[in-house]
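Residue numbers (mature numbering (1 follows the signal peptide of the UniProt record, and there is no 0)): -22 to -1, 1 to 551.
Even for Gly, the Cβ is constructed at its ideal location relative to N, Cα and C.
Since this is a predicted model, take the numbers as computed values, not measurements.
I have placed the structure first, in the form of structure tokens, so that the comments after it can refer back to it.
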Amino acid sequence: QTNLKLLAWAGVLCCLVWNGFAQQGGSDCIKANAKSCGECIQAGPNCGWCKKTDFLQEGEPTSARCDDLAALKSKGCPMEDIENPRGSKQVLEDREVTNRKIGAAEKLKPEAITQIQPQKLVLKLRVGEPQTFSLKFKRAEDYPIDLYYLMDLSYSMKDDLENVKSLGTALMVEMGKITSDFRIGFGSFVEKTVMPYISTTPAKLRNPCTGDQNCTSPFSYKNVLSLTSEGNKFNELVGKQHISGNLDSPEGGFDAIMQVAVCGEQIGWRNVTRLLVFSTDAGFHFAGDGKLGGIVLPNDGKCHLENNMYTMSHYYDYPSIAHLVQKLSENNIQTIFAVTEEFQAVYKELKNLIPKSAVGTLSSNSSNVIQLIIDAYNSLSSEVILENSKLPKGVTISYKSFCKNGVNDTQEDGRKCSNISIGDEVKFEINVTANECPKKEQNETIKIKPLGFTEEVEINLQFICECQCQSEGEPNSPACHEGNGTFECGACRCNEGRIGRLCECSTDEVNSEDMDAYCRRENSTEICSNNGECICGQCVCKKRENTNEVYSGKYCECDNFNCDRSNGLICGG
């Protein structure tokens, strides 16, 4: 008997708990107090709207049409009358990632090589319902590389220049083991050509070096050789370069990096792997340091090369680190800092702020620069990190990575995979969720790309903010109090300035825009105590099947049938 009782109570408890969950699911829909189908489907992914014209009971508010699907069916709304649009995804471009080997007979143009799949898709988003798609990335063999060597030509780099003069052909041979399509360029920098960075006496402007040293006039940045596949040309032009000089220890390298990043046409960048090797034995000036020379205008992040010389160093301040990060990322440039042992700590901190960058230790005379570049390139290309463009308001994105050797990650680490070799394929699962509808309900486009690569996935976001039945609405319908609203989805959507279930009230007749405020008791969220409908700021109480039983009171808070009974009579008669 005891066991039977326990089982009976357990059954009752289960029913209560299940009922509680069901009510909780529907409560979000009910709490939304939706006045239209569009408002209802934005309340949550489980909310539906009953468009059946005679669905509402007498005294029930319009918002009662919005509930979870099970509740609507139990109230007698047929499935075909329930509006419940779902999100979807559609892939528009889905080229397979490229499979080919180095030395293959076919020579593909860079734009014909595919490393990321899919390339374009459309996501239809309903509020609160995530849409998921898979993204595949594969490092292609024999992928073209553009490398630009940016060198500090201040006097302390004199012995380094001698070693770099033969870099072109030697680097061509080494990089030929990685790719058959390699181009190299060269640029140099010293410092802003104003006091106190350099001496502005006429003699020092001609030759900034002391003694019998023959140095070239100081300059900010010079593009010596645009990207070329001719290693001999690199050796020839770099061989003609002379060292220069300046006064202070930090150099103006940030000015040069900015110009290399934004002057794509002059430098000759292609849509391939872009490497910038920054070689120096000193620190760097950054935004704010220009004040020392009376330069206060912030760097504008635009190209100012004339005859391959940066002409605005005296006019614009040095760029900030954040500004450099933005421009390097925009232009898909991966930076390799080749710096001497003394400045390793500084540039390692800088590397932490610049995504897809690496630091190598340069020997005192740059003799190890080729091995440094190869090692840094391998390090950079062995990691893929996904980044997305700015998201529209209310849209969130999450990543899950499926990397080599069964390594899976989520959250921030879900964006990246490490230890990738050429030919390896990794996958990412990406969730996109809309938490609200945009005010203008227009479509938005976001892009996802691996850092340092030009390829990207373009995603068109289309928001489901209205129901299909809205398009079938009847404007200025007689069903909405003499044409004061549009009859759509089984209910009236009132014209501006009209309110009420049938748009029977004018806002001019009521003191407050929030009609419902008049129908809520103090410190309560319930409209008309859940026993009636708020019409024009007044509670109209529900009618009962037994006409002797009534709700009453300003907020329908009273009734005459819930008191204790004795002998079947309320309050004992």
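Subject >> alpha helix (DSSP H) runs wholly inside the stretch 437 to 477, at least 4 long, in chain order >> reply: Runs of the alpha helix (DSSP H) inside the stretch 437 to 477: none found.
**OP:** Return the first residue and the last residue of the alpha helix (DSSP H) that Asp138 is part of.
**Re:** Counting along the chain, the unbroken alpha helix (DSSP H) around Asp138 starts and ends at 136 to 142.
**OP:** Look at the alpha carbon of Val105 and the alpha carbon of Ala12, and state the distance between them as a whole number of angstroms.
**Re:** The alpha-carbon atoms of Val105 and Ala12 are separated by roughly 14 Å.
Subject >> Runs of alpha helix (DSSP H) wholly within the stretch 161 to 242 (minimum 4 residues, chain order) >> reply: The stretch 161 to 242 is shown to contain whole alpha helix (DSSP H) runs of 4 or more residues at 180 to 184, 209 to 217, 231 to 240, in chain order.
Original post:
Should Phe539 go down as buried or exposed, given a rule of 16 or more other Cβ atoms within 10 Å for buried?
Top reply: By the 10 Å Cβ count, Phe539 comes out exposed.
Subject >> Inter-residue Cα distance where the pair is Phe115 and Asn249 >> reply: Straight-line Cα distance between these residues: approximately 17 Å.
**OP:** Just mark Gly546 as buried or exposed, buried being the case when its beta carbon has 16 or more other beta carbons within 10 Å.
**Re:** Exposed: under 16 other Cβ atoms inside 10 Å.
Subject >> Leu412 - containing beta strand (DSSP E), residue span >> reply: The question names Leu, but residue 412 in the sequence shown is Ala. Counting along the chain, the beta strand (DSSP E) containing Ala412 begins and ends at 403 to 412.
Original post:
Near Gly336, which residues of its chain fall below 6 Å by C-beta distance, leaving aside the five closest residues on each side in sequence?
Top reply: According to the sequence shown, residue 336 is Ala rather than Gly. Only Ile314, Ala354, Ser357, Leu358 meet the Cβ criterion.
Original post:
Out of curiosity, what's the CA-to-CA distance linking Ala412 and Val238?
Top reply: Computed Cα separation, rounded: 38 Å.
**OP:** Give the secondary structure of Glu58 by DSSP, where H, G and I count as helix, E and B as strand, and everything else as coil.
**Re:** DSSP places Glu58 in the helix class (H, G or I) of the three-state scheme.
Original post:
According to DSSP, what are the bridge partners of Pro428?
Top reply: Note: Pro428 sits in a beta bridge opposite Leu364.
Subject >> CB-CB length for Asn210 against Thr147, believed under 8 Å >> reply: Confirmed, about 6 Å.
Original post:
Between the stretch 245 to 260 and the stretch 128 to 145, do three or more beta carbon pairs fall short of 8 Å?
Top reply: Judged by pairs of C-beta atoms under 8 Å, the stretch 245 to 260 touches the stretch 128 to 145, as three or more such pairs exist.
Original post:
Leaving out five residues before and five after Gly16 in sequence, what residues of the same chain have Cβ atoms less than 7 Å from its Cβ?
Top reply: Setting aside the 5 residues that flank it on each side, Gly16 is surrounded in the same chain by Cys443, Glu444, Cys445, Gln448, each with a C-beta closer than 7 Å to its C-beta; the list follows chain order.
Original post:
Smallest Cα separation from Val172: which of Gln93, Phe197, Glu527?
Top reply: Cα-wise, what sits closest to Val172 is Phe197.
Original post:
So, are the CB atoms of Val216 and Val142 less than 8 Å apart?
Top reply: Taking a C-beta distance under 8 Å as the contact criterion, Val216 and Val142 qualify as a contact pair.
**OP:** Have a look at Gly54 and Leu429 and give me their C-alpha separation to the nearest angstrom.
**Re:** Looking at the two C-alpha atoms, the distance is approximately 54 Å.
Original post:
Could you give the distance in angstroms between the alpha-carbon of Glu535 and the alpha-carbon of Cys28?
Top reply: The C-alpha of Cys28 is placed about 28 Å away from the C-alpha of Glu535.
Original post:
At what residues does the beta strand (DSSP E) containing Ala336 begin and finish?
Top reply: Unbroken beta strand (DSSP E) run through Ala336: 335 to 340.
Original post:
Quick one: is Ile437 buried, meaning 16 or more other Cβ sit within 10 Å of its Cβ, or exposed?
Top reply: When all chains shown are included, Ile437 counts as buried.
Original post:
Start and end of the beta strand (DSSP E) containing Gly546?
Top reply: Unbroken run through Gly546: none, as it is neither H nor E.
Subject >> the stretch 513 to 526 in contact with the stretch 474 to 485 per 3-pair CB rule at 8 Å >> reply: As far as the Cβ criterion goes, the stretch 513 to 526 touches the stretch 474 to 485, which means the pair count is three or higher.
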